[in-house]
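Chemist: Heads up: the sequence shown runs through residues 51 to 345, numbered per the numbering used here.
Mind having a look at this structure? Questions to follow.
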Amino acid sequence: RAVRIMGVWPEDERAQTTLPMSLVEGDFFESAGRNRLVIGEKLANRLGLKLRSKVVLTFQDAEGTLSRASFRVSGIYKTLNATWDEFHLYVHHKDLEHTTGAPLVHELLIRYNETVDTDEKTIELASALPEDLSVMSWKHVNPELGFADDMMAIMLVLVLGIIMMALLFGIINNMLMAILERRRELGMLMAVGMNKGKLFLMILLETLMLGFVGGPIGIVLGDLSTRIMMRIGVDLTSKKEGLAELGVQSIIYPEIVPEYYIIIAIMVLTTALIASILPALRALKLNPVEAIRGQ
């Protein structure tokens, strides 16, 4: 069966990935001995392998000739990506170099502790490295997951757009009702000499106050609910198998990005500002005499 053999530095792998924590049996190259192998649970079940089972690997050595080497299963892992588990197995890099007869390094993983723009970092690293070395972001390494992430971003924009539209019409409706109820007051203000500019500004500020008051309340409630979901997670076990094919866990734990709060606050205030225009124009069309009479 064709699989991809990954020769790893165990200590570096523990520091950079969660693979060692995904073991369901055995250990991650912690026991003594040579030619040890860590295999995915799905592949192990398909091949009928278990701990300490013998596996013969066939591959090309440094001279291009086919070579064989026997390995023993020392660990079985299960990650969130079922496809990865089925086609990848891990050996110690020293055992792989000894078997192939040459030192081999074809891939280095760079992981940032903080959230960064992967496309920007990819370009930055590519410009700093020799031209014969390629730099790929995680979206290029796993295009299926990258496509799913892009689709989620598009869906997020669409949902956010729908919410902003609902907010827009909600504010317009409330302010139009407020103007209808206060038409006598507005008529009196116009009758005593308030110019249209000040009346427009008054309606504008009143509408913005809805955003200034409602925005922080919504952000606080959203932050609290997100923090609760960060603890208990969003249970999607009913779609477990489909998510596993994409490498997504069935229980999703959201994260808080502080910058999003600023973006949402600006969007809310901008929506409130746009929503204030129609009610303000409606107020400017009032006839002072008819408004005072309640007509």
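By construction, the Cβ of each residue, glycine as well, lies at the ideal position given by its N, Cα and C atoms.
Once the 5 residues before and after residue 116 are set aside, which same chain residues still bring their CB inside 8 Å of it?
Modeler: 108, 109 and 110
Chemist: Going by alpha carbons, who is nearest to residue 321 out of 264, 245, 92 and 94?
Modeler: Out of 264, 245, 92 and 94, the CA that lies nearest to the CA of residue 321 is found in 264.
Chemist: Are the segment 188–198 and the segment 94–108 touching by the rule of at least three beta carbon pairs closer than 8 Å?
Modeler: no
Chemist: DSSP puts residue 108 in a beta bridge; with which residues?
Modeler: 118
Chemist: Pick from 129, 159, 141 and 56: whose alpha carbon is nearest that of residue 123?
Modeler: 141
Chemist: In this structure, what does DSSP give as the bridge partners for residue 140?
Modeler: 56 and 88
Chemist: Hey, residue 94 and residue 126 are a contact pair by Cβ (cut 8 Å); roughly how many whole angstroms apart?
Modeler: 5 Å
Chemist: Any idea if residue 223 is buried or exposed, counting beta-carbon neighbours within 10 angstroms, 16 or more meaning buried?
Modeler: Its Cβ having fewer than 16 others within 10 Å, residue 223 is exposed.
Chemist: Consult DSSP for residue 174 and reduce its assignment to one of helix, strand or coil.
Modeler: helix
Chemist: Any chance the CB of residue 260 is under 8 Å from a heavy atom of the ligand SAH?
Modeler: Among the ligands in the structure shown, none appear at all, so the ligand SAH cannot be discussed.
Chemist: Flag this pair as touching only if the segment 253–263 and the segment 323–342 have three or more C-beta atom pairs under 8 Å; answer yes or no.
Modeler: yes
Chemist: Can you look up residue 242 in the DSSP assignment and give me helix, strand or coil?
Modeler: coil
Chemist: Between which two residues does the alpha helix (DSSP H) holding residue 194 run?
Modeler: First-last of the alpha helix (DSSP H) with residue 194: 193–231.
Chemist: Taking a contact to mean a Cβ-Cβ separation below 9 Å, would you say residue 135 touches residue 90 in this structure?
Modeler: yes
Chemist: By Cβ distance, which residues of its chain are closer than 8 Å to residue 293, with the 5 residues on each side in sequence left out?
Modeler: 130, 286, 299 and 300
Chemist: What's the gap between the Cα of residue 413 and the Cα of residue 318?
Modeler: The chain is shown from 51 up to 345; residue 413 falls before or after that span and cannot be answered.
Chemist: So what's residue 162 in DSSP terms, helix, strand or just coil?
Modeler: coil
Chemist: Skipping 5 residues on each side, what residues in its chain have a beta carbon closer than 7 Å to that of residue 214?
Modeler: Excluding positions up to five away in sequence, the list reads 317 and 321.
Chemist: Roughly how many angstroms lie between the CA atoms of residue 233 and residue 333, to the nearest whole one?
Modeler: 8 Å
Chemist: Pull up the distance between the alpha-carbon of residue 52 and that of residue 155, whole angstroms please.
Modeler: Whole-angstrom Cα-Cα distance: 20 Å.
Chemist: Determine the DSSP secondary structure at residue 127, reduced to helix, strand or coil.
Modeler: strand
Chemist: Mapping DSSP to helix, strand and coil, what is residue 73?
Modeler: strand
Chemist: Report the rounded CA-to-CA distance for residue 340 versus residue 302, giving the unit in angstroms.
Modeler: 59 Å
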